[in-house]
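Each residue of the sequence shown is one higher than the last, beginning at 20 in this note's numbering. All C-beta atoms in this analysis are idealised placements derived from N, C-alpha and C, irrespective of residue type, glycine included. Contents: one structure, followed by commentary.
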Amino acid sequence: MIIRIPRICKVGCLTVKKIQKESGGYRIKLMQTSLVALMSTWSFETMAQDNLSMDDETVLDTVHVIATKDQLKQSLGVSTITADDLAKTPVVNDISEIIRKMPGVNFTGASTSGERGNQRQIDIRGMGPENTLILIDGKPVMSRNAVRLGRSGERDTRGDTSWVPPEAIERIEVIRGPAAARYGSGASGGVVNIITKKPDEFSGSITTFANIPENPEEGKTFRTNFVVGGPIHEKVSLQLIGGYSHRDADDQAINESDSVSDFPAAGREGVINKDISAKLTLMPSMDHEFDVEAGYSRQGNIYTRDSQRAPNGGSQDRLTELAGTETNSMERRTLSLTHEGFYDFGDSLSYIQWENTQNRRLNEGLSGGSEGVIGSDLEFSKITVDNLTAKSEWDLPFHMGFDQNVTLGAEFRGEWMHNPVSIGQEITGASSIPGIPSDPDDRDPDAEAWMQGLYVEDNIMLSDDWMLTPGLRADYQESFGIHYSPSLNTSYQMTEEVAFKLGVARAFKAPNLYQGTPGYLFYSRGNGCAAGYTLSGGCYVVGNEDLEPETSLNKEFGVSFADRDGLAASATYFHNTYKNRISSGQELLGYANAAETVGIFQWENVPEAVVAGFEGNVTYPVTENLSWTTNFTYMTESKNKSDGQPLSLIPKYTVNSWLDWQATDDLNVVFAATRYGKTNAATINGATGAELTNSEPRKPYHMFNIGLKYALNNSFSLSTGINNILNTEILRRASGAQAGANTFNEGSRSYYLSVTATF
Numbered sequence: 020m021i022i023r024i025p026r027i028c029k030v031g032c033l034t035v036k037k038i039q040k041e042s043g044g045y046r047i048k049l050m051q052t053s054l055v056a057l058m059s060t061w062s063f064e065t066m067a068q069d070n071l072s073m074d075d076e077t078v079l080d081t082v083h084v085i086a087t088k089d090q091l092k093q094s095l096g097v098s099t100i101t102a103d104d105l106a107k108t109p110v111v112n113d114i115s116e117i118i119r120k121m122p123g124v125n126f127t128g129a130s131t132s133g134e135r136g137n138q139r140q141i142d143i144r145g146m147g148p149e150n151t152l153i154l155i156d157g158k159p160v161m162s163r164n165a166v167r168l169g170r171s172g173e174r175d176t177r178g179d180t181s182w183v184p185p186e187a188i189e190r191i192e193v194i195r196g197p198a199a200a201r202y203g204s205g206a207s208g209g210v211v212n213i214i215t216k217k218p219d220e221f222s223g224s225i226t227t228f229a230n231i232p233e234n235p236e237e238g239k240t241f242r243t244n245f246v247v248g249g250p251i252h253e254k255v256s257l258q259l260i261g262g263y264s265h266r267d268a269d270d271q272a273i274n275e276s277d278s279v280s281d282f283p284a285a286g287r288e289g290v291i292n293k294d295i296s297a298k299l300t301l302m303p304s305m306d307h308e309f310d311v312e313a314g315y316s317r318q319g320n321i322y323t324r325d326s327q328r329a330p331n332g333g334s335q336d337r338l339t340e341l342a343g344t345e346t347n348s349m350e351r352r353t354l355s356l357t358h359e360g361f362y363d364f365g366d367s368l369s370y371i372q373w374e375n376t377q378n379r380r381l382n383e384g385l386s387g388g389s390e391g392v393i394g395s396d397l398e399f400s401k402i403t404v405d406n407l408t409a410k411s412e413w414d415l416p417f418h419m420g421f422d423q424n425v426t427l428g429a430e431f432r433g434e435w436m437h438n439p440v441s442i443g444q445e446i447t448g449a450s451s452i453p454g455i456p457s458d459p460d461d462r463d464p465d466a467e468a469w470m471q472g473l474y475v476e477d478n479i480m481l482s483d484d485w486m487l488t489p490g491l492r493a494d495y496q497e498s499f500g501i502h503y504s505p506s507l508n509t510s511y512q513m514t515e516e517v518a519f520k521l522g523v524a525r526a527f528k529a530p531n532l533y534q535g536t537p538g539y540l541f542y543s544r545g546n547g548c549a550a551g552y553t554l555s556g557g558c559y560v561v562g563n564e565d566l567e568p569e570t571s572l573n574k575e576f577g578v579s580f581a582d583r584d585g586l587a588a589s590a591t592y593f594h595n596t597y598k599n600r601i602s603s604g605q606e607l608l609g610y611a612n613a614a615e616t617v618g619i620f621q622w623e624n625v626p627e628a629v630v631a632g633f634e635g636n637v638t639y640p641v642t643e644n645l646s647w648t649t650n651f652t653y654m655t656e657s658k659n660k661s662d663g664q665p666l667s668l669i670p671k672y673t674v675n676s677w678l679d680w681q682a683t684d685d686l687n688v689v690f691a692a693t694r695y696g697k698t699n700a701a702t703i704n705g706a707t708g709a710e711l712t713n714s715e716p717r718k719p720y721h722m723f724n725i726g727l728k729y730a731l732n733n734s735f736s737l738s739t740g741i742n743n744i745l746n747t748e749i750l751r752r753a754s755g756a757q758a759g760a761n762t763f764n765e766g767s768r769s770y771y772l773s774v775t776a777t778f
């Protein structure tokens, strides 16, 4: 019998391990020979195979999980969030809210500066948002690169997890640790792959959602999304996805009661999202499938007086007057062509995608205390980034001594930025910087970088229970040459219930276009200069074309347990050694004036850092209709080795727990609890090296939520619930480092209602 299985998992492929005839059909044991080297065996069955002989060929168009379902959702190094999860516990504003509840995942800013504190993004294993690669249907999302990088490493960005309406998502795959290294630059922490729905029959849905906070000073959220599509011809399918979301800004006074500044730090800003995309699928034969997709999204903010640094003087009144208006917008356009091929010798997946992002915002200061503060001219400027990405990946099963599945891939990433905004810092007085024109109008506003990558990975079945997965990726960029990323993963099924996994990989992140552009410079009158120098005239920080890529050696060891009754558990220890981290320089390069009172620094690679900790999960089926799931993350280390400072503002530990009760066929109830441990703050300013006077940590806190999903009939369902039942109040204290770790707001008690109509 020949069994052909379509690609049902974007992180790898499945191969048949055992076929057993049973009443009414066949039970087929499948092994995931994936790039993440999962050594788990799962049971599937198809019920239309009763009359097959061993000479027949069949294609399993539909496979159904009949056992150990939770192994698929939480495995060593991989988590899966399904559309059903998103329906049971709807996110309020952004899918990052549910991603953060996976093992090893937290929220944090791009640095420990405390600036832009409410602009938190996904942080995997403490490596920071810039080391988390976001994919949509396997394609990189690079829009946040259009947002200016501050001297401390912060960006005023919401990240790249809100370009797809939550109701249009089929599942989200979160890949952590060494397994993510094969995805190339920016995946040192991990990968988040957002996979959109693709209906097999013509259908549609419309969802409306509302979230009302109990605190009137917090912003309300309303959204409406639709997904419609399916086959319009035997070989043609069409799908449309659209959405509109509106979150009001928090009130200007929300943080006044707990502020350490005369000008209180801003609450969470509002945002209006508009999304529309269309996908045309062509299937000329069973062996080939083409997707042509185009999309447009716009995110406009509703300002809350936020700034990178605390404003003073007349700028305070200006920011207050701007509150409630749109001060910046991000527009993202995409066009892509994808091909999947299924051959006798293997499968292929190839795509090419153009992504255009236009970042339009009011001009901001670039120097000293005014950095990141909206200027008095109230003029809009625009940064445009074009990304071209292309990839071809082939899965080739064969037998040479052992059963093997080789993955071969080639990838191209090109980035072109037109940035007349961030190069606007003038060189004043008698100062001059070699190679940089004093007049910003004479500087080149265009920058580009492109990178080519080749990779190979082989899943070798040394026995029925032991898989070995060596891999190697090589990337070339003109600025730093060839960078090699070797990896080795192995997993062993010790018993039917217990499996071990060991992995090690070298991951990297290429310098971004801001850090490597000489004309992008900052000026400080002295307080923002590196400590240890006497510079009465201040200093400049310039770009560096000779930066090396950031690298990390990622190691992990894990063990998992799963039985046929549904009990599943895992625990993993991870240890990442982080080298060549790019930071604002602490070494004086020279002087910009003859009097030697104005110093010159640059972005530079700094010494080692280390990130280590434990993560795990357990799922226990209490009864047939009630299950309990808990996961945890515990950080043992997260610091620069040179100064002992934390790399991210993340809790010492995080525990997430759910009770999922299928009360009736139509009613599901989820009770969730999260406990966040203490978050320690930096004691040294990362940009200057100066000691901070306030490094107050964020105290431990907890959140409790309850959600109900009820199917009214075959066409209508609703979800309702309460978030933060105990009304735990978490307020931000200030802008910048004086806030310590108290740099963000958590929402108070709120009530939500969502209604979905399907047809």
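Across which residues does DSSP place Leu586 in a beta bridge pair? The partner list for Leu586 (beta bridge, DSSP) is empty, contrary to what the question assumes.
Ordered along the chain, which non-local residues of its own chain (more than five positions away) have a Cβ less than 6 angstroms from that of Ser482? Nothing meets the Cβ criterion.
Is it buried or exposed for Gly238, if we count other Cβ within 10 angstroms and need 16 for buried? Looking at its Cβ environment, which holds 16 or more other Cβ atoms inside 10 Å, Gly238 is buried.
Three or more C-beta pairs under 8 angstroms: does that hold for the region 693-713 against the region 659-677? The answer is yes - the region 659-677 touches the region 693-713, with three or more Cβ pairs under 8 angstroms.
Return the bridge partner residues of Met486 from the DSSP annotation. The partner list for Met486 (beta bridge, DSSP) reads Met480, Ser510.
From the DSSP output, in three-state form, read off Tyr322 for me. When secondary structure is reduced to three states using DSSP, Tyr322 falls in the coil class, being assigned neither helix nor strand.
Less than 8 angstroms separating the beta-carbons of Gly779 and Leu554? Residue numbering for the chain in the displayed model covers 20 to 778; residue 779 lies beyond these limits and cannot be assessed.
Nonlocal neighbours in the same chain, by C-beta distance under 6 angstroms from Tyr19, ignoring five residues either side: Look at the range of the chain in this structure, 20 to 778, and you will see that residue 19 is not part of it.
Inter-residue Cα distance where the pair is Gly551 and Ile601: About 20 angstroms.
Which of the three DSSP states is assigned to Asp679 in this structure? If DSSP states are grouped into helix, strand and coil, Asp679 belongs with the strands.
Assign Pro459 to one of three DSSP states: helix, strand, or coil. Note: Pro459 maps to helix in three-state DSSP.
According to the Cβ coordinates, are Ile452 and Ile619 closer than 8 angstroms? Result yes, Cβ atoms of Ile452 and Ile619 sit closer than 8 angstroms.
Hey, out of Leu368, Ser334, Arg352, whose CA is closest to Glu359's CA? Out of Leu368, Ser334, Arg352, Leu368 has the C-alpha closest to the C-alpha of Glu359.
When the Cα atoms are used, what is the spatial distance from Glu710 to Gly755? Glu710 and Gly755 have their C-alpha atoms some 14 angstroms from each other.
Quick check on the DSSP output: what are the complete beta strand (DSSP E) runs of length 3 or more inside the region 329-391, in order along the chain? The region 329-391 contains these whole beta strand (DSSP E) runs: 347-362, 365-381.
Closest by CA to Leu397, which one among Glu445, Asn438, Thr344? Ranking Glu445, Asn438, Thr344 by Cα distance to Leu397 puts Thr344 first.
Determine, using beta carbons only, whether Pro232 and Gly740 come nearer to each other than 8 angstroms. Contact: no.
So, is Phe63 buried or exposed, given that buried needs 16 or more other C-beta atoms within 10 angstroms? For Phe63, the predicted structure reports a pLDDT of 41, less than 50, and the residue's modelled location is therefore unreliable. The matter cannot be settled from this model.
Just the Cα atoms here: how many angstroms apart are Val774 and Phe241? For Val774 and Phe241, the distance between alpha carbons rounds to 12 angstroms.
Could you check where the alpha helix (DSSP H) with Ala272 kicks off and where it finishes? Looking at the DSSP string, Ala272 is not in any alpha helix (DSSP H), and its letter there is neither H nor E.
Grab me the residues of Ser130's own chain with a C-beta within less than 7 angstroms of its C-beta, minus the 5 sequence neighbours each way, in chain order. Ser171, Gly172, Glu173, Gly705, listed in sequence order.
Can you find the residues in the same chain that come closer than 8 angstroms, C-beta to C-beta, to Asn743, ignoring five residues on each side of it along the sequence? Annotation for Asn743: Met722, Phe723, Asn724, Glu765, Gly766, Ser767, Arg768, Ser769 place their beta carbon closer than 8 angstroms to its own, counting only its chain and skipping 5 residues before and after.
Using alpha carbons as the reference points, say which of Ala468, Phe499, Pro505, Phe580 lies closest to Phe519. Closest option to Phe519, Cα to Cα, is Phe580.
Tell me the DSSP secondary structure of Leu397 in three-state form. DSSP places Leu397 outside both helix and strand once states are collapsed to three, so it counts as coil.
Three-state secondary structure assigned by DSSP to Ala206: For Ala206, the secondary structure class from DSSP, reduced to helix, strand or coil, is coil.
Cα-Cα separation between Glu186 and Asn244, rounded to whole angstroms: Taking the straight line from one Cα to the other gives about 7 angstroms.
If contact is defined by three or more beta carbon pairs under 8 angstroms, each pair taking one atom from either stretch, is the region 190-205 in contact with the region 116-127? Output reads yes: the region 190-205 touches the region 116-127.
Under the three-state reduction of DSSP, which class applies to Leu731: helix, strand or coil? Reduced to three states, the DSSP call for Leu731 is coil.
Measure the Cβ-Cβ separation of Arg379 and Asn406 and say whether it is below 8 angstroms. With contacts defined as CB atoms closer than 8 angstroms, Arg379 and Asn406 fail to qualify as a contacting pair.
State the Cα-Cα distance for the pair Pro464 and Thr180, rounded to the nearest angstrom. The C-alpha of Thr180 is placed about 28 angstroms away from the C-alpha of Pro464.
Ile100, buried or exposed, once every other Cβ within 10 Å from all chains shown has been counted against 16: A residue is called buried once 16 or more other Cβ atoms fall within 10 Å of its Cβ, and Ile100 is buried on that count.
Cβ atoms of Gln138 and Asp781: under 8 angstroms apart, would you say? This structure leaves residue 781 out entirely; the chain is present only between 20 and 778.
Between the C-alpha atoms of Val630 and Thr747, what's the straight-line distance to the nearest angstrom? If I take the Cα positions, the gap works out to 30 angstroms.
What are the uninterrupted segments assigned as beta strand (DSSP E) that are 3 or more residues long and contained completely in the region 129-187, given in chain order? Taking only runs of at least 3 residues, the beta strand (DSSP E) segments lying wholly in the region 129-187 are 140-143, 151-155.
Who are Met121's beta bridge partners in DSSP? DSSP, once it has assigned bridges, lists no residue as partnering Met121.
Just to confirm my understanding: we take Asp270, look at its own chain, exclude 5 residues before and 5 after, and list those with CB closer than 8 angstroms. What are they? Residues of the same chain with a CB within less than 8 angstroms of the CB of Asp270, apart from the 5 flanking positions on each side, are Pro235, Glu236, Glu237, Gly286 in chain order.
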